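Q: Take 763 as the starting number for the sequence shown in this note's numbering and just add one per residue. All C-beta atoms in this analysis are idealised placements derived from N, C-alpha and C, irrespective of residue type, glycine included. Being a predicted model, the structure only gives us computed values, none of them experimental. Can you read through this structure? Questions will come right after.
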Amino acid sequence: MIEGDHAAVGVGGGLCQFTNLLHWMTLHSSLTIVEHHHHSGLDLFPDFQRQIPFGTGTSIVWNFLDYRVRNDTDQTFQFRVRVDDEYLRGELCSDQALPMKYHIREEDAYFYRAADPRTAASTVRRHNVVMRDTRDKRTGNIVKTERPLENDALACYDPDMIRDEILPEKPSV
763 MIEGDHAAVG
773 VGGGLCQFTN
783 LLHWMTLHSS
793 LTIVEHHHHS
803 GLDLFPDFQR
813 QIPFGTGTSI
823 VWNFLDYRVR
833 NDTDQTFQFR
843 VRVDDEYLRG
853 ELCSDQALPM
863 KYHIREEDAY
873 FYRAADPRTA
883 ASTVRRHNVV
893 MRDTRDKRTG
903 NIVKTERPLE
913 NDALACYDPD
923 MIRDEILPEK
933 PSV
C-alpha cells in the first residue's frame with residue numbers, strides 16, 4: 763500500500779482497482795476529469811506484459827483524495843461496473859453514439875538510475891509520458907492529441923527483475 767510518499771506493508775489497494783477502471787473509461791470518453799490523484803510517484807510492482815500504459819491509475823482516500831469527473835456535453839453517461847469470478851469489469855454507456863474515439867498510449871518510456879535526494883543511495887526510477895489521441899469516427903482523422911500525464915516514479919521492487927532495461931541515468935531532453 764502507499765503511505766504518504768513511500769510503499770508500506772499493510773491492507774489496502776481494493777478501491778484503487780475500482781477507481782483505476784473508472785479513470786480508464788473516462789480517458790476513453792469526452793468527460794472532463796476534474797480531480798485526479800496519481801499513486802504518489804511510486805511504481806509498486808513490476809508489470810510484465812502490461813496492456814495499458816504505466817501511470818494511468820488513480821488513488822482515492824476517503825475524506826482526503828477524490829476522483830471526480832464532469833459532463834460538459836449534451837449526452838447522458840452511465841458507468842456500469844460488475845465483478846465476475848475472475849475480473850472487475852466496466853463499461854461507460856451513453857444515450858447517444860460518441861462521434862469520437864479515444865486512444866491512450868505511452869511515449870518516452872524507460873527505467874533509469876538516480877540518487878535518492880535524501881540519502882544519496884542509488885535508486886531505480888520509471889519514466890513515461892501518457893498520450894491521448896482523439897479520432898473522428900467518421901473520417902478516421904486524429905483531431906486532437908493531448909499529454910494528460912508525465913510519470914517519474916520510484917520503482918519499489920528489486921531492480922534485478924528489470925536490470926536489462928535500466929539506463930545508467932535519465933536521458934537529457
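#1: Could you tell me the alpha carbon to alpha carbon distance between residue 907 and residue 867, rounded to whole angstroms?
#2: With a 10 Å radius around its C-beta and 16 neighbouring C-beta atoms as the bar for buried, classify residue 807 as buried or exposed.
#3: Using the Cβ count rule (16 or more neighbours within 10 Å means buried), how would you classify residue 887?
#4: Would residue 893 and residue 869 qualify as a contact pair, given that the criterion is a beta-carbon distance under 9 Å?
#5: Per DSSP, what kind of secondary structure is residue 921 in: helix, strand or coil?
#6: Span of the beta strand (DSSP E) holding residue 865?
#7: Just the Cα atoms here: how many angstroms apart are residue 783 and residue 926?
#8: Measuring CA to CA, which of 919, 846 and 829 is closest to residue 789?
#9: Is it buried or exposed, residue 873, if we count other Cβ atoms within 10 angstroms and call 16 or more buried?
#10: Who are the near neighbours of residue 777 in its chain, counting only those whose CB is closer than 8 Å to its CB and skipping five residues on each side?
#11: With 16 as the cutoff for other CB atoms within 10 Å, does residue 805 come out buried or exposed?
#12: Which first and last residues belong to the beta strand (DSSP E) in which residue 814 is found?
#13: Identify, in the order they occur along the chain, each residue of the same chain with its Cβ nearer than 8 Å to the Cβ of residue 890, setting aside the five sequence neighbours on each side.
#14: Thinking C-alpha only, which one of 854, 910 and 918 is nearest residue 796?
#15: Can you give me the Cβ contacts of residue 852 inside the same chain, cut-off strictly under 6 Å, excluding the 5 residues immediately before and after it?
#16: Where does residue 915 land, buried or exposed, given buried means 16+ other C-beta within 10 angstroms?
#17: Per the DSSP calculation, residue 852 is bridged to which residue(s)?
#18: Can the beta-carbon of residue 850 be found less than 9 Å from the beta-carbon of residue 780?
A: On the basis of the data shown:
#1: Along the sequence shown, read from residue 1 onward, the residue named residue 907 stands at position 145. Along the sequence shown, read from residue 1 onward, the residue named residue 867 stands at position 105. If you take the alpha carbons of residue 907 and residue 867, they lie about 11 Å apart.
#2: Counting from 1 along the sequence shown, the entry for residue 807 is found at position 45. Result: exposed.
#3: The count along the sequence shown starts at 1 and reaches residue 887 at position 125. Buried.
#4: In the sequence shown, counting from the first residue as 1, residue 893 sits at position 131. In the sequence shown, counting from the first residue as 1, residue 869 sits at position 107. Contact flag set, yes.
#5: The count along the sequence shown starts at 1 and reaches residue 921 at position 159. Note: residue 921 maps to helix in three-state DSSP.
#6: Start at 1 with the first residue of the sequence shown, and residue 865 comes out as number 103. 862 to 877 is the extent of the beta strand (DSSP E) around residue 865.
#7: Counting from one through the sequence shown, the residue named residue 783 turns up at place 21. Counting from one through the sequence shown, the residue named residue 926 turns up at place 164. C-alpha of residue 783 to C-alpha of residue 926: approximately 31 Å in a straight line.
#8: Mapped onto the sequence shown, residue 789 falls at position 27. Checking every option, the nearest Cα to that of residue 789 belongs to 829.
#9: Stepping through the sequence shown from its first residue, residue 873 is reached at position 111. The Cβ neighbour count for residue 873, taken over all protein chains shown within 10 Å, is at least 16; the residue is labelled buried.
#10: One-based indexing of the sequence shown puts residue 777 at position 15. Within the same chain, residue 777 has close Cβ partners 822.
#11: Stepping through the sequence shown from its first residue, residue 805 is reached at position 43. Buried: at least 16 other Cβ atoms inside 10 Å.
#12: Mapped onto the sequence shown, residue 814 falls at position 52. Segment: none, residue 814 is in no beta strand (DSSP E) and carries neither H nor E.
#13: Locating residue 890 in the sequence shown gives position 128, counting from the first residue. For residue 890, where only same-chain residues beyond five positions count, the Cβ hits under 8 Å are 815, 816, 817, 868, 869, 870, 871, 872, 912 and 913.
#14: Along the sequence shown, read from residue 1 onward, the residue named residue 796 stands at position 34. Considering only alpha carbons, the answer is 910.
#15: The sequence position of residue 852 within the sequence shown is 90, counting from 1. Here the set comprises 783, 787 and 843.
#16: Mapped onto the sequence shown, residue 915 falls at position 153. Buried.
#17: One-based indexing of the sequence shown puts residue 852 at position 90. Answer by DSSP bridge pairing, in chain order: 843.
#18: Here residue 850 refers to the residue found at position 88 of the sequence shown. Here residue 780 refers to the residue found at position 18 of the sequence shown. Against a cut-off of 9 Å, the Cβ pair of residue 780 and residue 850 comes out as a contact.
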